[in-house]
Amino acid sequence: MKNAFLAFERWTSGIAMAGACLMLAIASTLGMFQIITRFVLEEPAEWTEVLIRFSLIWMVFLAIPMAFRQGAMVSVDVLKRWAPPALRRLLSGLVCIATLVLLAVLIWWGWDYARRGGVQTMAGLESLSMFWAYLAVPVGALFAVFGVIGNLLEPQNTELENAQ
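Numbering-wise (my numbering), the sequence shown opens with residue 153 and increments by one.
Written out as structure tokens, the structure is:
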């Protein structure tokens, strides 16, 4: 069961990270397009700024699951270093529970906020609803749930191990 969950978690984190990389590529491509249209062609495209912001928001929320999976989540590093192994495991469990509660709040209220924002449109892209921008919060939090549980089952803690 543990191996099946970890395989599923690797798959979901991989999809989220691929999406984050795609959003970074889109943001940088649109940035270059905006520079060319603004400074070379002297005809700026207003819609590119909105889409860059939109893609950067999605990039951040889709990259969070990998950070959680690698143990880069908020934790008490000093206590983890000084604690004996049994207490360290308890501390990891408490941090995991607190993180899952926060992610549940983000999923619940993020979905509600996205639904409510569906009536708004993006400035510069009036045909696109703000629902799609706000949807990044619950989607990213949902992917992060798997990363948090995966890190609890198979801790990587690369952030703590690489700390000076």
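Ideal placement from N, C-alpha and C gives every residue a C-beta, glycine not left out. Note that the structure is a prediction, hence the values are computed from the model and not measured.
Hey, quick one: how far does the alpha helix (DSSP H) through E161 stretch, first residue to last? First-last of the alpha helix (DSSP H) with E161: K154 to I187.
Would you call the CB atoms of L258 and A293 closer than 8 angstroms? yes
Inter-residue Cα distance where the pair is T189 and L252: Separation of T189 and L252 (C-alpha to C-alpha, rounded to the nearest whole angstrom) is 44 angstroms.
Would you report the Cα separation of F283 and G262, rounded to the nearest angstrom? 10 angstroms
Out of A168, L158, G269 and S281, state which residue places its alpha-carbon closest to the alpha-carbon of I216. A168
Counting only the same chain and skipping the five closest in sequence on each side, list residues whose C-beta sits under 8 angstroms from that of Q186. P196, A197, T200, E201 and I204
I believe P176 touches M211 by the beta-carbon criterion, under 8 angstroms. Please report the beta-carbon distance rounded to the nearest angstrom. The displayed chain sequence assigns Leu, not Pro, to residue 176. Going by Cβ atoms, the distance from L176 to M211 rounds to 5 angstroms, so yes, they are a contact pair.
Looking only at its own chain, which residues have a Cβ that is under 6 angstroms from the Cβ of G276, when we skip the five neighbours before and after it? E198, W199 and V202
Output the distance between the C-alpha atoms of M184 and F191, rounded to the nearest integer angstrom. 11 angstroms
Can you tell me which residues form a DSSP beta bridge with T273? S281
Which class does P196 belong to by DSSP, given the choice of helix, strand or coil? The answer is coil: DSSP assigns P196 none of H, G, I, E or B.
Mind checking whether A256 and Y286 have CB atoms under 8 angstroms apart? The Cβ-Cβ distance between A256 and Y286 does not fall below 8 angstroms.
Which of the three DSSP states, helix, strand or coil, is assigned to L287? If DSSP states are grouped into helix, strand and coil, L287 belongs with coil.
Close Cβ partners of G299 (< 7 angstroms) along its chain, the five nearest in sequence each way excluded: E161, S165, P217, M218, F220 and R221
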